[in-house]
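Chains A and B are the protein sequences, given in the same order. The first sequence begins at 1 in my numbering and counts up one residue at a time. The second sequence begins at 1001 in my numbering and counts up one residue at a time. For each residue, glycine too, the CB sits at the ideal point set by N, CA and C.
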Amino acid sequence: MNIKVLGPGCPKCQQTERIVKEALAEVGADAVVEKVTDMLKIADYGVFGTPSVVVDGEVKCVGKIPTKEEVKQWLKR
Amino acid sequence: MVDNCCANGNAVMILACSGGSNVGQIANQAAVELTQERFGTMYCLAGIGGGLQGFIQSANDVPLIAAIDGCPVGCARATLRRAGIESFRHIVLTELGIEKNKNFELHPQDVRRVKEAVRAACAEREGAALRTAFGGCCG
C-alpha cells in the first residue's frame, strides 16, 4: 500500500502525516507513506486544496485533516 | 517547514460552464474576476466532467460550490449532478436578464451583475469559519 500526503509542509500537513502514521501503526498495516511537497506534483492530482491524502492512487480527502478513524477505514479497503 | 502554505485557503469553489456563447463566456469571466478578487477560487469543471477522481473528491470535500451556468441548459449543474454532487449554489445568467447570443461580446456591466449574483447566492456562508475549516493549513 502506498499513501501520499500532499501539502507543502505546514502544521496541518504535518498533523495529517502524523495521523496517517498513527492509524497505520494501530491497524498494523504495511504501507509506505510519502510526503509530496512539490506544488507541481500536487497539482497533478487535481486537488483543490491541501492537505490531501492519496491511498494507492485514489484521492481520499482534500483540504482537511482526516480523523484517524477515517484513515483506518481507507486502510481496510 | 513552510509557514504559509495555505494552498487554497479560500473555501468557495467557483465552477463556470464556460460555454460557447456570450453567456458562457461571461460566466467564465465572472469566475476569473471573482478569483482575482479573492472571493473564491475558480476550478476546472472539465476535470469533474471528465470523471477525474481528484477533482470529484475536491468538489465533495469543499464547503461551498458556486456553479455558474450561462443558460437554462445547465451544463455546470448537470456535470455536478452526474458526479453525485447535489449541494451547490446555482446561478443562471439568463435568469438575471442577460440574453444569450453568439456574438461573444462581453459587457463589463453584465460581468459585474453576475459577480454580484454569485456573491449574493453565497451570502449565507460563514466566511471566516469556512476559511478556517478548509484548506488553509496555517491554522
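### Query
For the putative contact between B/I1026 and B/I1098, defined by C-beta atoms under 8 angstroms, what is the C-beta separation to the nearest angstrom?
7 angstroms
#### Entry: Residue-level contact to chain C via CB, A/E58, 8 angstroms cutoff
The structure shown contains no chain C; its protein chains are A and B.
### Task
Count the other CB atoms, across all protein chains shown, that sit within 10 Å of the CB of A/E17; report buried if there are 16 or more and exposed otherwise.
buried
### Query
Looking at the C-beta of A/K21, does it have a partner C-beta in chain B at a distance below 8 angstroms?
no
### Query
How far does the beta strand (DSSP E) with A/K4 in it reach, from first residue to last?
N2 to L6
### Task
Identify, in the order they occur along the chain, each residue of the same chain with its Cβ nearer than 7 angstroms to the Cβ of A/C13, setting aside the five sequence neighbours on each side.
V5, G7, T50 and P51
### Message
With H, G and I counted as helix, E and B as strand and the rest as coil, what does DSSP make of A/V71?
### Response
helix
### Query
Any C-beta of chain B sitting closer than 8 angstroms to the C-beta of A/G28?
no
### Message
Pairs of beta-carbons, one from the stretch 1008-1024 of chain B and one from the stretch 1101-1113 of chain B, closer than 8 angstroms: are there three or more?
### Response
yes
### Contacts that B/M1042 makes with chain A (C-beta to C-beta distance below 7 angstroms)
Neighbours of B/M1042 on chain A: none; closest Cβ ~10 angstroms, over 7 angstroms.
### Task
Note down, one range per segment and in chain order, each alpha helix (DSSP H) of at least 4 residues found wholly within the stretch 1073-1101 of chain B.
1075-1082
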